[in-house]
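Peer 1: Would you mind keeping the following structure in view while I ask a few things?
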Amino acid sequence: MTTILLPVKPCYAATIMNGSKQYEYRKRKAKKYPGRILFYVTRPVGEIIGEAEVTGILEDTPPALWWQTHDKAGMSLQAYETYFKGCKTGVAYKLAHVTRWETPRSLADYGLAHAPQNFVYVEDDRPLTFSESLHLAVEQVAEEYPNTFKLLADA
């Protein structure tokens, strides 16, 4: 399973952890499907405080993305529009099973000297959840039999 570490502002980290922000927005999508996201809270906190499972990824124009996700955005329309200003497409990671760790971790725990601008892939040493295992198996079958999955998607 692929894990990415994302920097988030303290105000958004709080809304992710309390469940009111169920989508994490980005201007570009990770090339590998991230089954898990670690949240690095930017200054003044400067720690990795928890994680979430990714149960879906939406990619669309910013207005269409907002229309699909606004009720669980955990941010104002004004903040959303400011973030995506000038972007033709945006990405929304659907978050589930959000966990705030009892003991925050540092970037150094993952071999990082500084926070990434957008995201960074990190090593993952925990066992996969059932849904992560299922998603990984489907991805592997889809890569081996792409025409079959295209037919199923078109049906």
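FYI, in our numbering the residues of the sequence shown are 55 to 209.
We put the beta carbon where it would ideally sit given N, CA and C, even for glycine.
Keep in mind it's a predicted model, so treat the numbers as computed, not measured.
When you compare the CB positions of valine 108 and proline 64, do they come within less than 8 Å of one another, or not?
Peer 2: Mapped onto the sequence shown, residue 108 falls at position 54. Mapped onto the sequence shown, residue 64 falls at position 10. Taking C-beta atoms as the reference points, valine 108 and proline 64 fail to come closer than 8 Å.
Peer 1: Check for me: the beta strand (DSSP E) holding proline 98 runs from which residue to which?
Peer 2: On the sequence shown, position 44 is the one that residue 98 refers to. Note, proline 98: premise wrong, no beta strand (DSSP E); not H, not E.
Peer 1: Within 10 angstroms of its Cβ, does glutamate 105 collect 16 or more other Cβ (buried), or is it exposed?
Peer 2: As a working mapping, residue 105 is identified with position 51 in the sequence shown. Buried.
Peer 1: Starting from glutamate 177, follow the beta strand (DSSP E) in both directions and report where the run begins and ends.
Peer 2: Stepping through the sequence shown from its first residue, residue 177 is reached at position 123. Taken as a continuous stretch (DSSP letters only), glutamate 177 belongs to no beta strand (DSSP E), as it is neither H nor E.
Peer 1: Take leucine 88 and list the residues in its own chain whose beta-carbon comes closer than 6 Å to its own, dropping the five residues that flank it on each side.
Peer 2: Against the sequence shown, residue 88 aligns to sequence position 34. First, the amino acid is wrong: residue 88 is proline here, not leucine. Excluding the 5 residues flanking it on each side, proline 88 has same chain C-beta neighbours closer than 6 Å at Thr56, Ile58, Val108, in chain order.
Peer 1: Apart from the five residues just before and just after alanine 150, which ones in its own chain have a Cβ nearer than 6 Å to its Cβ?
Peer 2: Here residue 150 corresponds to residue number 96 of the sequence shown, with the count starting at 1. Setting aside the 5 residues that flank it on each side, alanine 150 is surrounded in the same chain by Glu107, Thr109, each with a C-beta closer than 6 Å to its C-beta; the list follows chain order.
Peer 1: Which term fits alanine 118, buried or exposed, when burial requires 16 or more other beta carbons within 10 angstroms of its beta carbon?
Peer 2: Counting from 1 along the sequence shown, the entry for residue 118 is found at position 64. Exposed, by the Cβ-count rule.
Peer 1: Alpha carbon to alpha carbon, what distance is there between leucine 60 and leucine 84?
Peer 2: Translated into positions along the sequence shown, residue 84 becomes position 30. Translated into positions along the sequence shown, residue 60 becomes position 6. Here residue 84 is alanine; the residue named in the question, leucine, does not match the sequence. Rounded to the nearest angstrom, the two C-alpha atoms are 11 Å apart.
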